[in-house]
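Residue numbers (our numbering), protein chains in the order written: chain A, 1 to 94; chain E, 1001 to 1318.
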Amino acid sequence: MKQDWPLWEVFIRSKNGLEHRHFGSVRAADAAMALDNARDVYTRRNEGVSIWVVASKDITASNPANNGELFEPAKDKVYRHPTFYKVPDEVKHM
Amino acid sequence: MKTENLKDRAILFEQKIARDEKIEPKDWMPEKYRKTHIRQISQHAHSEIVGMLPEGNWITRAPSMRRKVALLAKVQDEAGHGLYLYSACETLGVTREELYAQLHEGTAKYSSIFNYPTLTWADIGAIGWLVDGAAIINQVPLCTTSYGPYARAMVRVCKEESFHQRQGYEIMTILANGTKVQKEMAQDALNRWWWPSLMMFGPTDAESVHTAQSMQWKLKRKTNDALRQQFVDQTVPQADILDLQIPDPALKWNPERKQYDFGPIDWEEFWQVVKGHGPCNQERITARVKAWEEGEWVRDAAVAYADKQSDATLQKAI
């Protein structure tokens, strides 16, 4: 075999009003075939109304080894949450 | 990496799993975890793919349109399950082509149950009822296993699997309530599939070498013997409803244990089939390799077409 089929990531919108969510991946020679394969593999029981496929090689992912520097700074920023702020008890609907 | 660092990481890793946190593809993991998962997930994928063969044998001979569409849908699901699992396995840094090669060369295993022949239509009923029934018991605990992509694939597999078992039991119900010949056919299928189904849970706990490690990584939540007992206890009453006899003279309700006692399993047969000497080992792999080799020109043509299309797009852009 000359060349393996590339890998594609599959995103499916289960119904209108919801976002596309990652469902898995498929192998396919090109984008059109990736869509066909994704339809056969991931939507055999009405799981979706819309499919996106994207070549896996085109995805840039963060490295879990850097999770500390990436995500920990948000942890001590409690002032970004509404519960940080005190308002008098009598105040309703805020 | 320094040995100390590695040790710390390994401890943190085990703690994470103990807390029921999931491991995702790019997270650090011990090499043994990666290898064990590649082995188990790929064996599982291969089982789905080879599992299509015994049933595919009956698609063109299904006794009615209703049975035919059901069997087609079931076999198509198995292809789908194989594909979910191959893609989960690929996240561990192995390619699908490597996995296929291992299957074709015989270095990777698949479930031994598929090395038994499907001689009559009743076998399709027995497979759905017993083999898929056993598979469900094995698979449900994997929905909460520690490796994220495997757990997610198993959630989908399990959702789809229950129709497989019900369609099998329905076939058995019709045959068991049919003519004398049909009932005998159902009994014969049960006779041939019962013991291989019990073997699907693997060696006894005393013989099972990977159990402790697999429990720790949540690749296993219950031992082989516990799962086997669960299968017997839930299946015997189903056989009673069909008025079919389980082919085990030692099978008896044990009121103290509140479980069925059952006779000894022929482990010699189990190991013979695992080692490649089952009734259909050769036939299954030959069929699989033939399909792969004869499909090569189609795969190549698809790549050639894709290249041509992208060349054309480039030309336009220039």
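Note that the Cβ used here is the ideal one computed from N, Cα and C, for glycine as well.
Asked: The region 1109-1116 of chain E / the region 1165-1174 of chain E touching (three or more Cβ pairs under 8 Å); Found: no
Asked: Contact the region 1048-1066 of chain E vs the region 1276-1296 of chain E: 3+ CB pairs below 8 Å; Found: yes
Asked: Proximity below 7 Å, CB of glycine 24 (chain A) to CB of serine 1087 (chain E); Found: yes
Asked: Chain E contact for alanine 29 (chain A) (CB, 7 Å cutoff); Found: yes
Asked: Test: valine 41 (chain A) CB closer than 7 Å to a CB of chain E; Found: yes
Asked: Partners in chain A for glutamine 1309 (chain E), counting only beta-carbon separations shorter than 8 Å; Found: Asp30
Asked: Cut-off 7 Å between Cβ atoms - residues of its own chain near serine 1146 (chain E), not counting five sequence neighbours on either side; Found: Ile1017, Lys1022, Ile1023, Trp1217 and Lys1218
Asked: Interface flag, glycine 1295 (chain E) vs chain B, CB-CB below 7 Å; Found: Among the protein chains of the structure shown, namely A and E, there is no chain B.
Asked: Under 7 Å between C-beta atoms of valine 41 (chain A) and glycine 1080 (chain E); Found: yes
Asked: C-beta neighbour in chain E for aspartate 4 (chain A), strict 7 Å; Found: yes
Asked: CA-to-CA distance, lysine 1252 (chain E) to proline 1063 (chain E), given in whole angstroms; Found: 36 Å
Asked: Separation of cysteine 1143 (chain E) from tryptophan 1267 (chain E), as counted between CA atoms; Found: 29 Å
Asked: Under the three-state DSSP convention, the category tyrosine 53 (chain A) falls into; Found: Checking the displayed sequence, the identity of residue 53 (chain A) turns out to be valine instead of tyrosine. It is a strand residue.
Asked: Three CB pairs or more closer than 8 Å across the region 1183-1201 of chain E and the region 1116-1129 of chain E; Found: yes
Asked: Beta-carbon proximity list for glutamate 1207 (chain E), same chain, < 7 Å, skipping 5 on both sides; Found: none
Asked: Under 7 Å (Cβ pairs) to chain E, residues found in the region 42-59 of chain A; Found: Arg44
Asked: Among A:Asn67, A:Arg45 and A:Leu18, the one whose alpha carbon lies nearest that of aspartate 1077 (chain E); Found: A:Arg45
Asked: Residues near threonine 1120 (chain E) by beta carbon distance below 8 Å, same chain, minus five either side; Found: Met1185, Asp1188 and Ala1189
Asked: Closest residue to serine 1214 (chain E) among E:Ile1011, E:Trp1028, E:Leu1006 and E:Lys1035 (Cα-Cα distance); Found: E:Lys1035
Asked: Simplified DSSP state of leucine 1119 (chain E), which is helix, strand or coil; Found: coil
Asked: When A:Pro64, A:Phe11 and A:Val54 are compared against threonine 43 (chain A), the one with the closest alpha-carbon; Found: A:Phe11
Asked: Limits of the unbroken beta strand (DSSP E) element including valine 26 (chain A); Found: 20-27
Asked: Simplified DSSP assignment, three categories, for phenylalanine 1262 (chain E); Found: coil
Asked: Exposure of tryptophan 1019 (chain E), with buried meaning 16 or more beta-carbon neighbours within 10 Å; Found: Reading the sequence as shown, one finds arginine at residue 1019 (chain E) and not tryptophan. Classification of arginine 1019 (chain E): exposed, given that the 10 Å Cβ count is below 16.
Asked: Interface positions of the region 1071-1093 of chain E facing chain A (Cβ-Cβ less than 9 Å), listed along the chain; Found: Ala1073, Gln1076, Asp1077, Ala1079, Gly1080, Leu1083, Tyr1084, Tyr1086, Ser1087, Ala1088, Glu1090 and Thr1091
Asked: 7 Å Cβ cutoff met for glutamate 1105 (chain E) and arginine 1096 (chain E); Found: no
Asked: Paired residues, beta bridge with valine 10 (chain A) - DSSP; Found: A:Gly24 and A:Val53
Asked: Cβ contact check for the region 1149-1163 of chain E and the region 1228-1244 of chain E: 3 or more pairs under 8 Å; Found: no
Asked: Touch test, the region 84-91 of chain A against the region 54-71 of chain A, Cβ-Cβ under 8 Å, three pairs minimum; Found: no
Asked: Secondary structure of isoleucine 59 (chain A), DSSP reduced to three states; Found: coil
Asked: Proximity test, Cβ basis, 7 Å: lysine 1026 (chain E) and chain A; Found: yes
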